[in-house]
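Student: Residue numbers (the numbering used here), protein chains in the order written: chain A, 1 to 525; chain B, 1001 to 1331; chain C, 2001 to 2299. Note that CB positions come from ideal geometry on N, CA and C, so glycine has one too. Pasting a structure below so you can have a look.
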Amino acid sequence: MKKLFAALLVLALAMSMISAALAETSWESEDLTWKKNTTPATFSLYHNMTWAPMDVWGKDHVSQQVTADTGVSFDVTIQQNAQHLATIVSTGELPDAVFVYGAANIDMMEDYDVCYPWDELIEKYAPELMDLLDPTDIQMATKADGHFYTLYTHVRNQKYWDDPTQGLSYGTGTLSFRSDVMAELGNPEINSTEDFYNVLKKVKELHPEMIPYLQSDFNGIYLAWCFGLDYDGTQGQATIDDGGNAIWTYADREPIVDYLKFANQLLHEGLLSQESLTYDQEQTKAAIMSGNVFSWAGQCYDVDQWNQALDAVPGNKVYYESIRKPLTVNGQTKMDLTWGSPGFAGFYITRACKDPARLISLMEYMRSPYGDQLTQWGVEGLDYEMKNGYPVQYDTFSWKERGDNVWYFQATFANENMKALAAAFNNERFGQVAHLVTDFKPFWHYDVALAMVQNAAANTPEGDIKATLDSLRTTAFSAAITSKTEEECAQVIETYFKDIQSAGLDTYTKYINDQYQAIKVANAK
Amino acid sequence: MSRLSMLSTGIKENTKLGRTRRALRRFYAQRYLQLFAILGFVYMVIFSYLPMFGIQIAFKSFKPAMGFFGMFTAPLAPENGFYHFNTFFRDPNFSTVMRNTLLLSLLKLTLSFPVPILFALVINEMRGSFCKRIVQTVSYLPHFISWVIVYGLIFNFFNTSNGVINSLLQMAGMEKIEFLTGREYYYTLAVVSDIWKEMGWWSIIFLAAISGIDQTQYESARVDGASRMRCIRSITLPNISGTIIIVLILSIGSLMAGGMGGSNFDQSYLMGNTVNYTRSVTLPYYIYEMGLTKFRFSYATAIGLFQSLISLFLVFTSNFVSQKLTGHSFF
Amino acid sequence: MASSKSHIRRGTEDRLISLVVGVVMLLVFVATIYPFWYSILLSFNEGTDALRGGIYFWPRKFTMDNYAAVFGIEYVPTAFVVSVSRTLLGTVVAVAFTGLFAFACSHKRLMFRRFYITAMIIIMYFSGGLIPQYMLYKELKLMNTFWVYIIPNLFASFNAIIMMNFFREIPESLEESARLDGANDLRVFFQIILPISKPLFATMALYSGVWHWNAWTDSAFFVTDKNLKTLSNVMITLINQSESAAQTVFGQINQREITYTAMTLRPAAMVICVVPIVIVYPFLQKYFVKGLLIGSLKD
């Protein structure tokens, strides 16, 4: 009896030790800093998610749950105009916390005088959090001064990338074609840009009232990618040239020339709608809803969304099917895109905050899988249920009542994708995005060093140069595509490359390449 | 004895003391007027001149994070403080921006300035006060439609997928026209929409001026057998010429902003796009796009200062010219 | 006196002018009212239906949903009250304050006249920008109060110039005769000038009133209290929002149930903003009446 007792005691002891050891480094541990203090506290918050219908904290399921769990509530101010944040920074009216996206806003927050660096806060108030964080995430957010002022939401890190079951973002660009018109043409194969051109020509003959190809400026870059232009979503908009050096994506000569010439030709022959180049999301959707568009370039997610919207119209026959691999150019597959996106938004704890300890522990809560899922999916059972491992949303509550996708201060990309794909996985006809995100993955690769290259900050010489470069690029691309003759197009392109040189391209290139090389060296260690 | 006569029998010495005393007496005689004027002036100092210290950042390297006091303590910008101005002049888009702004504004000035005056004259000639009121009320409605809606209307009429105009063109067997993106159409769209939107509103001020004209002038003219056209030419126009000139001078002053309505910005923002950019970008919009949205406050202030100086120069020049030619001016 | 020839000349000329006037008026009427009518159409039409285009003269699918949606926004009734108050109070004080200044500066005998006028002109073109304004209002404790709508808008150079010009055109003899009777400048203003300046004050009240009614940037920049926002601010936010925001602000995420879209919500918002002005204007119109100067000259 005594022996059994002793054995049990030892077992219990061992188990408690093991669980304690495990608890030290787990999100479920009882020792997490945020759990230690859940007294009610209110902080002021500024955010610029203006597209979300929630304008106060505490009226939706998500924020109510967060307050119930942590005791924290917020007094919310939403961005009123483009300079709002800059104004409150310069007049000393910053709230306790700022949650923003957008390069200009982020750039302004990441300043030692404006916000507390997280590394200092974590070390001081929630040291166990360091063990729970992915080092790549930290790398991604670390600035030149060695501090990181936030951890960005929706970062795609190496671990995520290496997972073969995970795909690209559901917002990745693609090309879609009307299946009924394709059937009319005999379902021709569209493998190359030449095929694409021929099909568009045939459609124009058969259906002169239709827009053969709709490409909007903000969403239409897929074609350029087929020609080998790199993705420009990295912070520094950098790509790697043949010599292994970082250059500005829009200084990469060959793919730009080929793409612009091709697009110009399409426009000439009436295959590309000139007006659509200026369309925004709404106008693109309106054009598609009017039933007059044969093919269009846009996000994978939109293919399903708009198919569904079309389906709701009585008597509708229109259905768009997306291409599943890139178009080849001259027999070669040139699409090779670099993923280096550092993330979307950042949550900043400003120097105006009197209790930064409380907010950094809130971040710990937010970063846990539970907090992440809560703020992105809603309350389980109330707003969604798990089906086949994916969160499928209920129709019962409006977005405003659910409160998901706004208070997601430490959202991960994986969970966002899961939600977006949930509907797709459960409905094949409107679920093309489910396979598209993996179809295109082979044509992308991940370069963490490139992701860490910083854009030039505003109000610096490099920043001024970059602003000029950006403006030159948008006007030149438009002008080239809409040129009246081939000669004019070539002329515009030549002028563009000359202009960006004289605007200071070399300075900017040096700026990003120096960073890139230094990061590579640091990473190699 | 009235105060007027008191003044005239006042001190006649030409000494400094004498002059001061006379000045003080004059001041006292017009003290109410001075009170009104000084109140206005003090107000201007507080609400307009005091904030002008913000202009100094045009010559400095100011970042928002420097805070409010950073406006005073920020370092002087490179190139002797003229870095931001030079950046603007060196910008490849500089000539495009200035050309568009000047051309558009001049077009608006010459074409849309006379229209409200003519319209006011026409309304004045209308008989039947009910019809008159209806037409007048309807004419200024476009002023209240925000440019966003106006653009929505323009889009519905002129777009190439289902726009009214293009549908009609197609029915007539003609090619569709890219009104909204074609560079060659922007100026026309901008000027015509500006006239349409503001004509009725600005005619109000001329109508008010016309109502102030002494009716006896008309009566005596008609007795002499003058025709309606004659009346307009000889009585109406001369009597409101003062108002016309003043509004003209003010319009010239706000040339950069796009005339009295300051429509350059809204039009560039709404009707401008990447395809017609080389024709649609104007100075006010450029300040917003390249300066404010990127938080380059110093840069935006510098260009704004540049715009202000041009406007001020235009105002005083046209005022001077008007003084010499017609006798009408601000002073 | 009038020869028969000029009678005939006048007759034909009269009719010609009337014809021209009639044609111009008709064109203006159609050109200005149609787009407005079109906006009203859209506002009473179902949003998703409107996207298909083709609505020209009458709503195709009538609905009050758009207006219900706009009025259903929490702050709209309060915003309406705020806008009305600010317009009434702001206009009265602004026209009075500016008017007195303009009256003073319209007198050639005013000492320092050129100085005052130059000062007024300069401020039309130079501004320190948003941040100094922000700091000033903060120091004056105007931020986030109703007074930030009134106090910074007491004086408008443009209005002052127009008024100055008008006052100058009033015959000096009017004032002279009053002052000979012993009136001081104050009395001259209230008893002589004011009554005959009705068209001017009506115009200035209209311009100032409409400005106040439509002003939204001060509400956006300087006021965070939602109960103090102006109607125009609320409407502009609505008008500028993208379609997805417009949908989700009001409705379920289920696409099928939403009938309002940005395309129909925006005109509804615009109509709500314009209707009060259109109602008020005819009352001001009666001041634009001819012949107020007859019989006021003292001989």
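On the criterion of 16 or more Cβ atoms from any shown chain inside 10 Å, does Val2271 (chain C) qualify as buried, or is it exposed?
Tutor: One-based indexing of the third sequence puts residue 2271 (chain C) at position 271. So Val2271 (chain C) ends up on the buried side.
Student: Select from A:Thr193, A:Tyr259, A:Trp296, A:Leu450 the residue whose C-alpha is nearest the C-alpha of Arg156 (chain A).
Tutor: Mapped onto the first sequence, residue 156 (chain A) falls at position 156. Measuring from the Cα of Arg156 (chain A), the nearest candidate turns out to be A:Leu450.
Student: Can you check whether the C-beta of Gln283 (chain A) is within less than 7 angstroms of a C-beta belonging to chain C?
Tutor: Within the first sequence, residue 283 (chain A) is the residue found at index 283, counting from 1. With 7 angstroms as the cut-off, Gln283 (chain A) does not count as an interface residue toward chain C.
Student: Do Tyr1299 (chain B) and His1084 (chain B) have their C-beta atoms closer together than 7 angstroms?
Tutor: Numbered from its first residue, the second sequence carries residue 1299 (chain B) at position 299. Numbered from its first residue, the second sequence carries residue 1084 (chain B) at position 84. In this structure, His1084 (chain B) lies closer than 7 angstroms to Tyr1299 (chain B) by Cβ.
Student: For my contact list, Leu151 (chain A) and Asp137 (chain A) are in at a C-beta cut-off of 8 angstroms; report their separation, rounded to the angstrom.
Tutor: Against the first sequence, residue 151 (chain A) aligns to sequence position 151. Against the first sequence, residue 137 (chain A) aligns to sequence position 137. Their Cβ separation, rounded to whole angstroms, is 5 angstroms, which keeps Leu151 (chain A) and Asp137 (chain A) in contact under 8 angstroms.
Student: Less than 7 angstroms between CB atoms is the rule here; does Met2135 (chain C) satisfy it with respect to chain A?
Tutor: On the third sequence, position 135 is the one that residue 2135 (chain C) refers to. Yes, Met2135 (chain C) lies at the interface with chain A (some Cβ there is under 7 angstroms from its Cβ).
Student: Compute the Euclidean distance between the alpha carbons of Ala2156 (chain C) and Ala2094 (chain C), then round it to the nearest angstrom.
Tutor: Position 156 of the third sequence holds residue 2156 (chain C). Position 94 of the third sequence holds residue 2094 (chain C). Roughly 8 angstroms between the two C-alpha positions.
Student: Could one say the Cβ of Leu2142 (chain C) lies closer than 7 angstroms to chain A's Cβ atoms, at least one of them?
Tutor: Reading the third sequence from its first residue, position 142 is the one you call residue 2142 (chain C). False, the Cβ-Cβ gap to chain A never drops below 7 angstroms.
Student: So, using beta-carbon positions, are Phe430 (chain A) and Asp232 (chain A) closer together than 7 angstroms?
Tutor: For the purposes of this step, residue 430 (chain A) is identified with residue 430 of the first sequence, where counting begins at 1. For the purposes of this step, residue 232 (chain A) is identified with residue 232 of the first sequence, where counting begins at 1. No. Outside cutoff.
Student: Spatial neighbours of Val1321 (chain B) within its chain, please: CB distance less than 6 angstroms, with the 5 preceding and 5 following residues excluded, ordered by chain position.
Tutor: The residue given as residue 1321 (chain B) occupies position 321 in the second sequence. So the list is empty, once near-sequence residues are dropped.
Student: For a contact defined as C-beta to C-beta under 7 angstroms, what are the partners of Ser90 (chain A) on chain C?
Tutor: Here residue 90 (chain A) refers to the residue found at position 90 when the first sequence is read from its first residue. Chain C residues near Ser90 (chain A): Ile2131.
Student: For Thr42 (chain A), which of A:Val62, A:Glu321, A:Lys354, A:Ala86 has the nearest alpha-carbon?
Tutor: Position 42 of the first sequence, counted from the start, is the residue given in the question as residue 42 (chain A). Answer by Cα proximity: A:Lys354.
Student: Hey, how far is the Cα of Asp526 (chain A) from the Cα of Ala518 (chain A)?
Tutor: Chain A is shown from 1 up to 525; residue 526 (chain A) falls before or after that span and cannot be answered.
Student: If you drop the 5 nearest sequence neighbours on each side, which residues of the same chain put their C-beta closer than 6 angstroms to that of Ala542 (chain A)?
Tutor: As shown, chain A starts at 1 and ends at 525. That puts residue 542 (chain A) outside it, with no answer to give.
Student: For Leu540 (chain A), list the residues DSSP reports as bridge partners.
Tutor: Lying outside 1 to 525, the shown extent of chain A, residue 540 (chain A) is not represented and no answer is given.
Student: Between Tyr370 (chain A) and Ala422 (chain A), how many whole angstroms is the CB-CB distance? I'm expecting something under 8 angstroms.
Tutor: The sequence position of residue 370 (chain A) within the first sequence is 370, counting from 1. The sequence position of residue 422 (chain A) within the first sequence is 422, counting from 1. Wrong, their Cβ atoms sit about 18 angstroms apart, outside the cutoff.
Student: Is there a Cβ of chain B sitting closer than 7 angstroms to that of Asp2185 (chain C), yes or no?
Tutor: One-based indexing of the third sequence puts residue 2185 (chain C) at position 185. It does; some Cβ of chain B falls within 7 angstroms.
Student: Strictly by DSSP, which residues pair up with Ser102 (chain A)?
Tutor: Within the first sequence, the letter at position 102 stands for residue 102 (chain A). Strictly speaking, residue 102 (chain A) in this sequence is Gly, with Ser absent from that position. Paired residues: none, contrary to the question.
Student: At which residue ranges does the stretch 2261–2289 of chain C contain complete alpha helix (DSSP H) runs of 4 or more residues, listed in the order of the chain?
Tutor: Runs found: 2262–2285.
Student: Based on Cα-Cα distance, which residue from A:Asp131, A:Asp113, A:Tyr116, A:Ser276 lies nearest to Glu364 (chain A)?
Tutor: Indexing the first sequence from 1 puts residue 364 (chain A) at position 364. Considering only alpha carbons, the answer is A:Asp131.
Student: Beta strand (DSSP E) containing Lys387 (chain A): first to last residue?
Tutor: Mapped onto the first sequence, residue 387 (chain A) falls at position 387. Run containing Lys387 (chain A): 384–387, per the beta strand (DSSP E) assignment.
Student: Please decide whether Ile2193 (chain C) counts as near chain B, where near means a Cβ-Cβ distance under 7 angstroms.
Tutor: By 1-based counting over the third sequence, the position of residue 2193 (chain C) is 193. It does not: the Cβ of Ile2193 (chain C) has no partner Cβ on chain B nearer than 7 angstroms.
Student: Measure the C-alpha to C-alpha separation of Asp439 (chain A) and Thr328 (chain A) and round it to an integer number of angstroms.
Tutor: Counting from one through the first sequence, the residue named residue 439 (chain A) turns up at place 439. Counting from one through the first sequence, the residue named residue 328 (chain A) turns up at place 328. Distance between the alpha carbons of Asp439 (chain A) and Thr328 (chain A): 15 angstroms.
Student: Considering just the uninterrupted stretch of the beta strand (DSSP E) at Trp2058 (chain C), what are its terminal residues?
Tutor: Within the third sequence, numbered from 1, the residue matching residue 2058 (chain C) stands at position 58. Note, Trp2058 (chain C): premise wrong, no beta strand (DSSP E); not H, not E.
Student: What first and last residue would you give for the alpha helix (DSSP H) that runs through Gly1070 (chain B)?
Tutor: Along the second sequence, one-based indexing puts residue 1070 (chain B) at 70. Per DSSP, Gly1070 (chain B) belongs to the alpha helix (DSSP H) from 1070–1073.
Student: Taking 7 angstroms as the threshold (beta carbon to beta carbon), is Thr1317 (chain B) in contact with chain C?
Tutor: Working through the second sequence from its first residue, we reach residue 1317 (chain B) at position 317. It does not: the Cβ of Thr1317 (chain B) has no partner Cβ on chain C nearer than 7 angstroms.
Student: Using a Cβ-Cβ cut-off of 7 angstroms (strictly less than) and excluding sequence neighbours within five positions of Met140 (chain A), which residues of its own chain qualify?
Tutor: Here residue 140 (chain A) refers to the residue found at position 140 of the first sequence. Closer than 7 angstroms at the Cβ level, and outside the excluded window around Met140 (chain A), lie Tyr152, Val155, Pro342, Gly343, Ala451, Met452.
Student: Answer with yes or no whether the minimum CB distance from Ile1292 (chain B) to chain A is below 7 angstroms.
Tutor: Sequence index remark: in the second sequence, residue 1292 (chain B) carries index 292 (1-based). Here residue 1292 (chain B) is Leu; the residue named in the question, Ile, does not match the sequence. Interface residue, yes.
Student: Taking Met1271 (chain B) as the reference, which of B:Pro1051, B:Gly1128, B:Leu1102, B:Leu1153 has the closest Cα?
Tutor: What you label residue 1271 (chain B) is simply residue 271 of the second sequence in a count that begins at 1. It is B:Leu1153 whose Cα lies nearest to the Cα of Met1271 (chain B).
Student: By the criterion of Cβ-Cβ separation under 9 angstroms, what are the contact partners of Met2270 (chain C) in chain B?
Tutor: Counted from its first residue, the third sequence places residue 2270 (chain C) at position 270. Within 9 angstroms Cβ-Cβ: Phe1144, Ile1145, Ser1146, Val1148, Ile1149.
Student: Can you name, in chain order, every residue of its own chain whose Cβ lies under 7 angstroms from the Cβ of Pro528 (chain A), other than the five neighbours on each side?
Tutor: The structure shown does not extend to residue 528 (chain A), since chain A is modelled only from 1 to 525, so the question has no answer here.
Student: Measure the C-alpha to C-alpha separation of Asp217 (chain A) and Ser63 (chain A) and round it to an integer number of angstroms.
Tutor: In the first sequence, the residue the question calls residue 217 (chain A) occupies position 217. In the first sequence, the residue the question calls residue 63 (chain A) occupies position 63. Roughly 36 angstroms between the two C-alpha positions.
Student: According to a CB-to-CB cut-off of less than 7 angstroms, which residues of the stretch 1073–1096 of chain B neighbour chain A?
Tutor: So the close ones are Thr1087, Asp1091, Pro1092, Asn1093.
Student: Buried or exposed: Trp339 (chain A), going by 16 or more other Cβ atoms within 10 Å of its Cβ?
Tutor: Counting from one through the first sequence, the residue named residue 339 (chain A) turns up at place 339. By the 10 Å Cβ count, Trp339 (chain A) comes out buried.
Student: With a threshold of 7 angstroms between beta-carbons, can Ala357 (chain A) be considered close to chain B, or not?
Tutor: The sequence position of residue 357 (chain A) within the first sequence is 357, counting from 1. Closer than 7 angstroms: no.
Student: Who are the neighbours of Phe2221 (chain C) on chain A, taking C-beta pairs under 9 angstroms?
Tutor: Taking the first residue of the third sequence as 1, we reach residue 2221 (chain C) at position 221. Result: Gln80, Asn81, Gln83, His84, Thr87.
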